[in-house]
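In the working numbering, the protein residues as written are 70 to 341. Data block below; observations after.
Structure representation (structure tokens):
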């Protein structure tokens, strides 16, 4: 018997939405204070997904590269901003740095996949380009955020140690190298952990979606393997670029730590 795609109607969608009551009940019982956030997040998610579905339906019918590229630029820009918003500290230019790193890493990896792996013709087919880019961005922004946060927090926490090393003649690279490697490690850990248990503990979203849509399991597995390698590569590139730009912003060419450039996410007080 051939696999059959099961349509989800409004009633089924409403029943799924009712499951959020579990979260609301736990929040009320344990006084977690998350009820409002859960409701706002749920409403935003539904509204955003419905809007995206409407837009994608329109774009899929156009079959033109311009809207696909524009949607990709908006997605990358929002991901870059979201990566910074998840950190607790800021320095001048951090938003631009994050957007550039997220854009470059996601476009390079997604472009390589579309042109050299999946071999989509034409390359701008929205059915492939936008979902692949979206999955890469969703994981990439998390890696960039973790790496940036680890680096900036480390600058504040280890400031005395770093300045002592610089005072004793260490170059800025020698003084910051342990922090750079620790930051990149932090940014890559979630992706590595996901890869370690994939297929044994968890079935990833893309593979599950294809199976529910009736795709051949072997084909769904191949696509998921491609996606995970794309995510790993993009996360490594994005996190490395973001940390190196942060390194350049917080360590001067004269081998001085510029910790005064760091500020808390809210307020104007230096992050000392």
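From the three backbone atoms N, C-alpha and C, an ideal C-beta is built for every residue, glycine too.
**Report entry** Range of the contiguous alpha helix (DSSP H) that encloses residue 301
**Finding:** 286-319
Query raised in the report: How about residue 128 and residue 204: are their beta carbons less than 8 Å apart?
Result: no
Query raised in the report: Expressed to the nearest angstrom, what Euclidean distance is found between the alpha-carbon atoms of residue 164 and residue 150?
Result: Going from the Cα of residue 164 to the Cα of residue 150 covers about 6 Å.
Query - 4 or more residues per run - each alpha helix (DSSP H) lying fully within the segment 234-260 - result: none
Report task. Within the same chain, show all residues whose beta-carbon is closer than 8 Å to that of residue 178, passing over the 5 residues directly before and after it, in chain order. Result -> Sequence-distant Cβ neighbours of residue 178 in its own chain, meaning closer than 8 Å and more than five residues away, are 205, 299, 302, 303, 306.
Query raised in the report: Within the 8 Å Cβ cut-off, does residue 241 reach chain C?
Result: Considering every chain present, this structure includes no chain C. It has just one protein chain.
Query raised in the report: Is DSSP giving residue 105 helix, strand or coil here?
Result: helix
Query raised in the report: For residue 278, which of 269, 289, 318 has the nearest alpha-carbon?
Result: 289
Query raised in the report: Are the segment 177-193 and the segment 226-246 touching, with three or more C-beta to C-beta distances below 8 Å?
Result: no
Query - Bridge partners - residue 221, DSSP secondary structure assignment - result: Under DSSP, no beta-bridge partner is assigned to residue 221.
**Report entry** Secondary structure of residue 159, DSSP reduced to three states
**Finding:** strand
**Report entry** Residue nearest to residue 168 in terms of C-alpha spacing, selected from 105, 141, 83, 180
**Finding:** 141
**Report entry** Opening and closing residue of the alpha helix (DSSP H) in which residue 138 lies
**Finding:** 134-154
Query raised in the report: From residue 153 to residue 122, what distance separates their C-alpha atoms?
Result: 27 Å
Query raised in the report: residue 88 by DSSP, collapsed to three states: which one?
Result: Residue state, collapsed to three classes: coil.
Requested in this report: Might you give, ordered along the chain, the residues of its own chain that have their beta carbon closer than 7 Å to the beta carbon of residue 58, omitting 5 neighbours on each side?
Outcome: Because the chain spans 70 through 341 in this model, residue 58 falls outside it and cannot be assessed.
Query raised in the report: Do residue 249 and residue 320 come within 8 Å of each other at the CB atom, strictly closer than that value?
Result: no
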